[in-house]
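Chains as they are written, first to last, in our numbering: chain G, -2 to 117; chain D, 2 to 414. Positions of the beta carbon are idealized from the N, C-alpha and C atoms, including for glycine.
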């Protein structure tokens, strides 16, 4: 299964989780997401998500001048962001639990009927 | 290495911003603030390729949820879908042989449209500048403009001279739309003006032709006066001319106009006048016409300044020796038998006194070596005397009957 498709739905909560841990600038957040194991993530997707979360009022920004380079825009989580994260974490947990149960369940009787059918 | 990275990053960021150009400037600023720093860090970390800036921008857009916020993007995609629809329609037309032939025909006509487009722009420019409707260039400057505009239009059609990118294409589309809208009204006005020009031309032609056909003409040129010389080469006066079916050879058949012609001696135009011996100003076939330098239109018909028309030649070459002045009698004696058939003089028109005087003059002249009109004294006297001597001239003005009249009584006797 293509994980990038799955990522689209849960990128918000992942980014919120990373920023909640610690403020960060764009590429820093990308790096931390990748370090967490989300390898397929695109830079631009993260930056776009950051911007959307900021526009939705979940994040705030501040600019930090960097030594010998262009300014860095740091993102910090706001109270609204934390509330959003909690709600999405709950949704995800319920969703993941349902899907885990469904996917990991061993359908032994179903396999028997199908083998019966094929034998007859 | 570092400068190389900076160049790559700068180039990439610029390309991404260009891809987002349709968004509000604030959104672009928010989306791409810190972009250079992020890219530089990423390059420094793994040194990998940054990829396609367009795809990067699309990803930014999508993840930022900005698609709906970009109306221009929607318009773009609408245009794109329209284009694909048009392409689909053309492809379906191509599939059928009949419509494919029609399509090929229209494609072949495209250069005509290019020329028309240039021509319409030319017409529009002229209308705007001169408030006139000349659809054909008049003068060198207009011709250069005309040729230049058409050349540009044709080059545009061939996909050249468009300038860089969208501005040129936009100009081309705008021009095409304007030209297409103006095509019908311009064509109507153009046809109208051409028709009018043709009509006036044909009118001019007709009037010119009728001017030539009125009265006497020679090789298409009007004949304003006729000068007759007898067989001895001397000028004749008051010669009446008729055509083969008895029509008067009138210079001015309807008596409705005086024709003038330039005269060397008078250094001016002279006007021919109808013979004063014919009633009702109808003597336009009695030659040579008398002449006047006064404009007969202004003098309201009064024969002021009537004079004998200046001769083109005082005398011309005599015809052989048979017409020599020594032997006019016998030859002219034969004339009367042929003359009466021609309606030269109606007998009732000739008064007895006139005949008598004519006879007398003929008798007196018979002794002189040359005929009366050429006699320098007589010539001078008639010219000077004017109206007073014109009366007797009535009789003597007919030189042919005079000699012919003189032998006839003698024959009868």
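| Check | Outcome |
| --- | --- |
| Any beta strand (DSSP E) of 3 or more consecutive residues that is wholly inside the stretch 2 to 40 of chain D | none |
| Nonlocal neighbours in the same chain, by C-beta distance under 8 Å from residue 22(D), ignoring five residues either side | 29 |
| Validate contact between the stretch 309 to 316 of chain D and the stretch 223 to 234 of chain D using beta carbons, cut 8 Å, 3 pairs | yes |
| Residues of its chain near residue 15(D), where Cβ-Cβ distance is below 7 Å and the 5 sequence neighbours each way are ignored | none |
| Same chain, Cβ closer than 8 Å to residue 178(D), five either side skipped, listed in chain order | none |
| Exposed unless 16 or more other CB atoms sit within 10 angstroms - verdict on residue 162(D) | exposed |
| Residue 269(D) - DSSP class collapsed to helix/strand/coil | strand |
| Contact under 8 Å by Cβ, residue 70(G) with residue 35(D) | yes |
| Contact residues within the stretch 23 to 57 of chain G, judged by C-beta distance below 7 Å to chain D | 23, 24, 39, 40, 41, 42, 44, 45, 46, 48 and 49 |
| Contacts that residue 75(G) makes with chain D (C-beta to C-beta distance below 9 Å) | Ordered by position in chain D, no residue passes the 9 Å Cβ test against residue 75(G), which lies about 16 Å from the chain. |
| C-beta contact flag for residue 283(D) and residue 289(D) at 8 Å | no |
| Extent of the continuous alpha helix (DSSP H) to which residue 116(D) belongs | 111 to 131 |
| Beta-carbon proximity list for residue 187(D), same chain, < 6 Å, skipping 5 on both sides | 121 and 124 |
| Pick from 287(D), 250(D) and 259(D) that is closest to residue 240(D), judged by C-alpha positions | 287(D) |
| For residue 291(D): DSSP bridge partner residues | 274(D) and 309(D) |
| Min CB distance residue 11(G) to chain D below 8 Å | no |
| Selected residue, minimal CA-CA separation from residue 42(D), among 25(D), 17(D) and 9(D) | 9(D) |
| Span of the beta strand (DSSP E), counted from its first residue to its last, around residue 259(D) | Here residue 259(D) belongs to no beta strand (DSSP E), and DSSP marks it neither H nor E. |
| Residue 26(G) - containing alpha helix (DSSP H), residue span | 23 to 32 |
| C-beta neighbour in chain D for residue 62(G), strict 8 Å | no |
| 8 Å Cβ cutoff, residue 107(D) in contact with chain G | no |
| Proximity below 8 Å, CB of residue 56(G) to CB of residue 72(G) | yes |
| Inter-residue Cα distance where the pair is residue 319(D) and residue 234(D) | 4 Å |
| Nearest residue (CA-CA) to residue 19(D), options 295(D), 216(D), 62(D) and 47(D) | 62(D) |
| Below-8 Å beta-carbon distance, residue 39(D) vs any chain G residue | yes |
| CB of residue 46(G) within 8 Å of CB of residue 8(G), strictly | yes |
| Residue-level contact to chain G via CB, residue 31(D), 8 Å cutoff | yes |
| Helix, strand or coil at residue 186(D) [DSSP, three-state] | helix |
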